[in-house]
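Notes follow once the structure below has been shown.
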Amino acid sequence: MAVFFYNVFLLLFNAGIRLASLFDTKAGKWVAGRRDIFARLRLAINGKGPVIWVHCASLGEFEQGRPLIERLKIDYPSYKILLTFFSPSGYEVQKDYKQADWVFYLPMDGPRNAKEFLEIVQPSLVIFVKYEFWYYYLKKLKYRDIPLLLVSALFREDMSFFKWYGALQRKMLSRFDHLFVQNAESKVLVDRIGLSNICTVSGDTRFDRVTKIADGFTPIPAIEQFIAGSRTLIAGSTWKEDEVTLQKSFSSIADSNLKLIIAPHEIDSGHTAELKKLFPQSVLYSELAAEKSTSANCLIIDNFGMLSRLYYYGHINFVGGGFRKSGVHNVLEAAVYGKPVLYGPEYVKYTEAVELVRTGGGICVKDDEETAGTISKLLNDEQAYRAISLKSKEYVRGNTGATEKIVRYIQEKRLLTI
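Counted from 1, the sequence shown has number 1156 at position 14 by our numbering; the numbering is strictly sequential.
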């Protein structure tokens, strides 16, 4: 009965996304990206070598899978990497990712699609990142006895795996050869459903990723020119709710030596125009090169790909998303440089954000008044600033090593040959 309802879900989803594609850009990309997918896969792969298939739902999961992909590329150079995405927000950003030999959308789940996909790809090893459980893909992989790993997984008690109605979800989870989970709480839940023998607490591979970025930091001359010795508040992945809070806070802080750099989550021209109105003394990053000098105290980043390095320049770092229901964005990128990290109250769904607050490196601010007060304290209390900064850095550095644990398992089980 559960499989019947799953099939109904697939039919409804497929029909719904195709209808939505007529008027929604993201849905349109989802549909267009899967057009003639098998012909394109067959033409690209065409028996060109043993394949490691890595699947990510979207961009966030890709950042967790990335350290593992890059490590496998070094350790097993004879293998080709196939990277697949479910969502356009992952595929569109990473379709030219150089460490993967091929980047494709994952064809919609179904018995025929899963069968044809595996016949074309013939993977030697399959790695799913964090979430994404597709019944027919998992069933066909198990039937073909292809090694299947789930990495950086995170489970909560309210998930269907742990409910009376979650038999199908538990079945899908049991298809994996091994589950690498982020924390002990996840393992307790997995143990409870009888899968303790295939579950290991490895941690989150994102810690490895952000540490690698920080260790290989390269300067951004235009940012250094803008800062020019001032102390800087870096606000990354911001939404309108964050930006309104920041505007009220920033304008109330009596520190002429403080500059603000905002890297919004969305950088379309409409949004950047709104930001320029909100911050009258601002300049766009794309305009900096044309200006020999600027009196602006706020810089708006109107490009992607810079944020992970941008946080290096922050005296204080603010991570957006915490003032909206979807929740805070990646706090690890901001914490790895050993700076205090501020974010709004919507963070409890994200383990790393919760733990960063608990360990003292992160600070939850509930409104613009509290945000302004916290920033002022950090600017004026050097002892408190240094203590929080140290805790921020120690939290990230102390949680690295997930990639190594997964690779060691692959080596010990001889899932791949050199």
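Glycine included, C-beta positions come from ideal geometry on N, C-alpha and C.
GLY1412: member of the alpha helix (DSSP H) spanning 1411 to 1420, first to last residue. LEU1337 carries a coil assignment under DSSP once its states are collapsed to helix, strand and coil. In this chain, LEU1292 is not harboured by any alpha helix (DSSP H); it is covered by the beta strand (DSSP E) spanning 1290 to 1295.
Looking from the CA of GLY1371, the closest CA among GLU1385, LYS1390, HIS1457, TRP1381 belongs to HIS1457. Assigned with DSSP and collapsed to three states, GLY1170 falls in helix. Going by DSSP, PRO1209 is part of the alpha helix (DSSP H) stretching over 1201 to 1217.
In the three-state scheme derived from DSSP, where H, G and I count as helix and E and B as strand, THR1374 is classed as strand. Taking PRO1406 as the centre and dropping the five residues before and after it, the same chain places the C-beta of SER1379, THR1380, TRP1381, GLU1385, HIS1413, THR1414, LEU1417, ILE1442, ILE1443, GLY1462 closer than 8 Å to its C-beta, in chain order. Going by beta carbons, ILE1187 and ILE1269 fall outside the 9 Å limit.
Scanning its chain for C-beta atoms nearer than 6 Å, with the 5 sequence neighbours on each side dropped, one finds around VAL1507 the residues LEU1484, THR1513, THR1516, in chain order. Between ALA1495 and SER1398, the alpha-carbon positions lie close to 31 Å from each other. Within the same chain, Cβ atoms closer than 8 Å to the Cβ of ILE1530 are found at PRO1482, GLY1502, GLY1503, ILE1505, LEU1520, the five residues on either side in sequence being excluded. Judged by DSSP secondary structure, LEU1248 falls outside any alpha helix (DSSP H); it is assigned neither H nor E. The Cβ-Cβ distance between LEU1321 and ALA1295 falls below 9 Å. Distance from the CA of TYR1307 to the CA of LYS1215, rounded to the nearest whole angstrom, comes to 40 Å. Pairing VAL1478 with ILE1355 gives a Cβ-Cβ distance under 9 Å. In the pairwise beta carbon analysis, the stretch 1537 to 1551 is classified as not touching the stretch 1419 to 1431: fewer than three pairs are separated by under 8 Å.
Close CB contacts of MET1314 within its chain, under the 7 Å cut and outside five residues either way in sequence, are with PHE1275, TYR1277, LEU1280 (chain order). The Cβ atoms of ALA1199 and GLY1232 sit closer than 9 Å to each other. The alpha-carbon separation between GLU1497 and GLY1189 amounts to approximately 45 Å.
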